[in-house]
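Novice:
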Amino acid sequence: MTLFADRSTSDLVAAHARRVRRVVPTLTTEIIDAVCERVPQFARPTSRAVAAEAVSTALHRFLDELDGAPHRDRGVDDVFRSLGRREARAERTLDEFQVGLAVAVRIGWARFQELAEDGTTSALVSDGLLAFVGHLQRQVEAGHEEARRQRAADPNRARAALAEQLLTGTVQPGTDEVWPIPASIVLAVAELGGERPDLTVLAQRALLVRHDETVVAMVDSADRACMTSALVDAGVTRVAVGWEVDPSEVPSAFRWARRALDLVRRGVVPDAQVVDCREHRTQIWLHAEPTLRQQLGQELLRPLFAETPNSREILSETLLVWLETRDSAPAIAARLGVHPQTVRYRWKRINELFGEAMHDTEFLVQLTMLLKASVPLWKAGDQSDFERFRAEDAS
Numbered sequence: 406m407t408l409f410a411d412r413s414t415s416d417l418v419a420a421h422a423r424r425v426r427r428v429v430p431t432l433t434t435e436i437i438d439a440v441c442e443r444v445p446q447f448a449r450p451t452s453r454a455v456a457a458e459a460v461s462t463a464l465h466r467f468l469d470e471l472d473g474a475p476h477r478d479r480g481v482d483d484v485f486r487s488l489g490r491r492e493a494r495a496e497r498t499l500d501e502f503q504v505g506l507a508v509a510v511r512i513g514w515a516r517f518q519e520l521a522e523d524g525t526t527s528a529l530v531s532d533g534l535l536a537f538v539g540h541l542q543r544q545v546e547a548g549h550e551e552a553r554r555q556r557a558a559d560p561n562r563a564r565a566a567l568a569e570q571l572l573t574g575t576v577q578p579g580t581d582e583v584w585p586i587p588a589s590i591v592l593a594v595a596e597l598g599g600e601r602p603d604l605t606v607l608a609q610r611a612l613l614v615r616h617d618e619t620v621v622a623m624v625d626s627a628d629r630a631c632m633t634s635a636l637v638d639a640g641v642t643r644v645a646v647g648w649e650v651d652p653s654e655v656p657s658a659f660r661w662a663r664r665a666l667d668l669v670r671r672g673v674v675p676d677a678q679v680v681d682c683r684e685h686r687t688q689i690w691l692h693a694e695p696t697l698r699q700q701l702g703q704e705l706l707r708p709l710f711a712e713t714p715n716s717r718e719i720l721s722e723t724l725l726v727w728l729e730t731r732d733s734a735p736a737i738a739a740r741l742g743v744h745p746q747t748v749r750y751r752w753k754r755i756n757e758l759f760g761e762a763m764h765d766t767e768f769l770v771q772l773t774m775l776l777k778a779s780v781p782l783w784k785a786g787d788q789s790d791f792e793r794f795r796a797e798d799a800s
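This is how it looks when you write it as structure tokens:
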């Protein structure tokens with residue numbers, strides 16, 4: 406976009422542009438303050454930041470045209486088309502935007518005139534400014550029309566896009582009009598079992614997006630119970646409901662909820678229609694690195710793996726209870742439902758297997774975490790640890 410074909414007075418205009426460029430940061434703030442006062446919708450923190458970026462970009466792009474020097478493309482057209490899309494996604498006309506733009510032009514032009522050494526340059530660029538502002542208005546209108554058509558075709562498209570951004574940690578500025586992102590979020594992953602439950606009611610307050618055979622829902626943490634009830638009432642097969650997290654932690658919450666459902670399928674976490682992830686944080690954490698868990702098992706539990714299946718089961722169960730409680734033989738026996746002498750016999754065998762390592766604090770810490778993760782797997786029928794041990798022992 407070229408504003409001036411005649412460069413006969415370019416030196417004068419360029420000098421004026423350099424004076425104005427030095428005050429762009431303060432001029433941007435002045436413009437945004439006035440716009441926010443006149444049009445309150447721009448006073449929200451995210452909206453203000455988006456508007457400030459647009460004003461600064463536009464000022465620099467206009468000054469680029471005035472000084473006549475080569476400049477990089479600042480992407481001003483994309484910025485202003487994005488503003489138009491933003492207004493459409495918020496289901497607003499461009500009326501208030503035009504009011505804000507008029508305020509910005511009025512203040513910007515006033516400061517531009519103040520910095521002119523005489524009236525010559527103001528007269529020279531006034532027509533160019535009108536052309537530039539007209540060009541920006543057309544970009545806004547184009548973006549608004551594009552988003553309006555998209556919204557008409559799929560009203561939930563913008564919300565689904567925001568949900569994906571939250572799940573991947575790539576939230577873009579200007580999303581508060583799509584769904585005001587709360588200070589803390591609760592995420593749930595619901596298995597559908599091949600059904601298509603009606604989630605219309607939940608969609609009014611939650612962000613929803615399909616992932617394979619699941620639906621991911623996100624709500625303000627205050628709506629956790631309402632979200633859970635709505636998913637149950639809709640007839641989802643199973644849902645893992647997380648704890649409240651900061652919006653920046655949503656990708657982790659998504660990973661934790663999916664892991665909880667996987668642990669249900671593997672028999673580690675008890676099956677239920679509602680799986681409360683808060684109750685299973687330890688297992689979710691301990692199963693974060695399944696390959697590392699298995700490798701540590703092959704290293705630390707080799708003496709136990711060499712036992713017969715029955716001996717391995719009762720010894721690992723007894724050892725885990727002791728590691729968790731450090732109770733006496735009678736107390737452990739009461740918990741396991743066996744005679745105290747049975748516990749003493751098992752304890753003797755455990756010490757024979759692990760020897761001096763049972764006095765190593767670091768070993769006991771590792772053993773505790775390893776058995777807490779592994780014993781539920783073994784009880785659920787997972788034989789992969791023992792199969793790997795036998796394969797390595799035979800090679």
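Following the numbering used here, the numbering of the sequence shown begins with 406 at its first residue and continues without gaps.
Each residue gets a CB set at the ideal place from its N, CA and C atoms; glycine is no exception.
Is the separation between the beta-carbon of Glu596 and that of Thr619 shorter than 9 Å?
Specialist: Locating residue 596 in the sequence shown gives position 191, counting from the first residue. Locating residue 619 in the sequence shown gives position 214, counting from the first residue. In this structure, Thr619 lies closer than 9 Å to Glu596 by Cβ.
Novice: For His744, which three-state DSSP category applies?
Specialist: Along the sequence shown, one-based indexing puts residue 744 at 339. If DSSP states are grouped into helix, strand and coil, His744 belongs with coil.
Novice: Nearest-angstrom Cα distance between Leu691 and Val650?
Specialist: For the purposes of this step, residue 691 is taken as the residue at position 286 of the sequence shown. For the purposes of this step, residue 650 is taken as the residue at position 245 of the sequence shown. Taking the straight line joining both Cα atoms gives about 19 Å.
Novice: With a threshold of 16 other CB atoms inside 10 Å of the CB of Arg486, please say whether the residue is buried or exposed.
Specialist: The count along the sequence shown starts at 1 and reaches residue 486 at position 81. With 16 or more Cβ atoms within 10 Å of its Cβ, Arg486 is classed as buried.
Novice: Out of curiosity, what's the CA-to-CA distance linking Leu668 and Ser789?
Specialist: As a position in the sequence shown, residue 668 is number 263, starting the count at 1. As a position in the sequence shown, residue 789 is number 384, starting the count at 1. The alpha-carbon atoms of Leu668 and Ser789 are separated by roughly 15 Å.
Novice: Is it the case that the Cβ atoms of Leu804 and Phe659 are separated by a distance below 9 Å?
Specialist: Residue 804 cannot be examined here, being either before or after the span of the chain that is shown, 406 to 800.
Novice: Do the segment 567–584 and the segment 630–638 touch if we need at least three Cβ pairs shorter than 8 Å?
Specialist: Judged by Cβ distances under 8 Å, the segment 567–584 makes no contact with the segment 630–638, as fewer than three pairs qualify.
Novice: Assign Gln688 to buried or exposed, taking buried as 16 or more other Cβ atoms, counted over all protein chains shown, within 10 Å of its Cβ.
Specialist: The residue labelled residue 688 in the question sits at position 283 within the sequence shown. Label assigned to Gln688: buried.
Novice: Once the 5 residues before and after Val726 are set aside, which same chain residues still bring their CB inside 7 Å of it?
Specialist: Numbered from 1 along the sequence shown, position 321 holds the residue referred to as residue 726. Contacts found: Ile737, Arg740 and Leu741.
Novice: Leaving aside the five residues before and after Trp584 along the sequence, list all residues of the same chain whose C-beta is less than 7 Å from its C-beta, in chain order.
Specialist: For the purposes of this step, residue 584 is taken as the residue at position 179 of the sequence shown. So the list reads Arg564, Leu567 and Leu612, once near-sequence residues are dropped.
Novice: With a cut-off of 8 Å, do at least 3 Cβ pairs link the segment 412–427 to the segment 460–469?
Specialist: Yes: at least three Cβ pairs fall under 8 Å.
Novice: Would you tell me roughly how many angstroms separate the C-alpha atoms of Ala509 and Gly574, rounded to the nearest one?
Specialist: Taking the sequence shown and counting its residues from 1, one reaches residue 509 at position 104. Taking the sequence shown and counting its residues from 1, one reaches residue 574 at position 169. If I take the Cα positions, the gap works out to 33 Å.
Novice: Out of Thr713, Glu797, Pro695 and Pro714, which has the shortest C-alpha to C-alpha gap to Lys777?
Specialist: On the sequence shown, residue 777 is found 372 positions in, with the first residue counted as 1. Closest option to Lys777, Cα to Cα, is Pro695.
Novice: Gly489: buried (16+ other C-beta within 10 angstroms of its C-beta) or exposed?
Specialist: For this step, residue 489 is matched to residue 84 along the sequence shown. Buried, by the Cβ-count rule.
Novice: I need the DSSP call for Ile586, collapsed to helix, strand or coil.
Specialist: The sequence position of residue 586 within the sequence shown is 181, counting from 1. Ile586: coil per DSSP, three-state reduction.
Novice: Specify, as a first and last residue, the run of the beta strand (DSSP E) that Leu612 falls within.
Specialist: As a working note, residue 612 is residue 207 in the sequence shown. Looking at the DSSP string, the run of the beta strand (DSSP E) that includes Leu612 is Leu612 to His616.
Novice: Which whole runs of the beta strand (DSSP E) in the segment 632–719 are 3 residues long or more, in chain order?
Specialist: If we require 3 residues or more, the beta strand (DSSP E) runs fully inside the segment 632–719 come out as 643–646 and 679–681.
Novice: According to DSSP, is Leu499 part of a helix, a strand, or is it coil?
Specialist: As a working note, residue 499 is residue 94 in the sequence shown. Coil at Leu499, not helix or strand.
Novice: Nearest by alpha-carbon distance to Thr747: which of Glu767, Gln678 and Leu724 is it?
Specialist: Within the sequence shown, residue 747 is the residue found at index 342, counting from 1. Closest by alpha carbon: Leu724.
Novice: Between the Cα of Ala536 and those of Glu654, Glu470 and Ser721, spot the shortest distance and give me the residue it belongs to.
Specialist: As a first step, residue 536 must be located in the sequence shown, where it is residue number 131. That would be Glu470, whose Cα lies nearest to the Cα of Ala536.
Novice: Taking just the CA atoms, how far does Leu720 sit from Ile755?
Specialist: Sequence index remark: in the sequence shown, residue 755 carries index 350 (1-based). Sequence index remark: in the sequence shown, residue 720 carries index 315 (1-based). Roughly 7 Å separates the two Cα atoms.
Novice: Just the C-alpha distance for Gly548 and Met632, rounded to the nearest angstrom, thanks.
Specialist: What you label residue 548 is simply residue 143 of the sequence shown in a count that begins at 1. What you label residue 632 is simply residue 227 of the sequence shown in a count that begins at 1. Looking at the two C-alpha atoms, the distance is approximately 34 Å.
Novice: Decide yes or no for the touch test of the segment 696–704 against the segment 675–685: beta carbon pairs closer than 8 Å, at least 3 of them.
Specialist: Cβ pair count under 8 Å is below three, so no.
Novice: Going by DSSP, what residue range makes up the beta strand (DSSP E) through Met623?
Specialist: Here residue 623 corresponds to residue number 218 of the sequence shown, with the count starting at 1. First-last of the beta strand (DSSP E) with Met623: Thr619 to Asp625.
Novice: Please work out which residues of its chain come closer than 8 Å, Cβ to Cβ, to Pro430, disregarding the five sequence neighbours upstream and downstream, and give them in chain order.
Specialist: In the sequence shown, residue 430 corresponds to position 25, counting from 1. For Pro430, where only same-chain residues beyond five positions count, the Cβ hits under 8 Å are Ser461.
Novice: Alpha carbon to alpha carbon, what distance is there between Ser716 and Leu705?
Specialist: Counting from one through the sequence shown, the residue named residue 705 turns up at place 300. Counting from one through the sequence shown, the residue named residue 716 turns up at place 311. Distance between the alpha carbons of Leu705 and Ser716: 17 Å.
Novice: Are the beta-carbon atoms of Pro652 and Pro587 separated by less than 9 Å?
Specialist: As a position in the sequence shown, residue 652 is number 247, starting the count at 1. As a position in the sequence shown, residue 587 is number 182, starting the count at 1. Taking 9 Å as the Cβ cut-off, Pro652 and Pro587 qualify as a contacting pair.
Novice: How far does the alpha helix (DSSP H) with Glu797 in it extend, from its first residue to its last?
Specialist: Counting from 1 along the sequence shown, the entry for residue 797 is found at position 392. Where Glu797 is concerned, the enclosing alpha helix (DSSP H) stretches over Ser789 to Ala799.
Novice: In terms of residues, what are the limits of the alpha helix (DSSP H) holding Phe447?
Specialist: Mapped onto the sequence shown, residue 447 falls at position 42. Counting along the chain, Phe447 falls outside any alpha helix (DSSP H), and DSSP gives it neither H nor E.
Novice: To the nearest angstrom, report how far apart Asp765 and Leu775 are at their CA atoms.
Specialist: Working through the sequence shown from its first residue, we reach residue 765 at position 360. Working through the sequence shown from its first residue, we reach residue 775 at position 370. Distance between the alpha carbons of Asp765 and Leu775: 15 Å.
Novice: On the criterion of 16 or more Cβ atoms from any shown chain inside 10 Å, does Thr433 qualify as buried, or is it exposed?
Specialist: Here the question's residue 433 lines up with position 28 in the sequence shown. The residue is buried, with at least 16 neighbouring Cβ atoms inside 10 Å.
Novice: Less than 8 Å between the CB atoms is what I'm expecting for His616 and Leu520, so what's the real figure, rounded?
Specialist: Numbered from 1 along the sequence shown, position 211 holds the residue referred to as residue 616. Numbered from 1 along the sequence shown, position 115 holds the residue referred to as residue 520. Their Cβ separation, rounded to whole angstroms, is 55 Å, which puts His616 and Leu520 out of contact at 8 Å.
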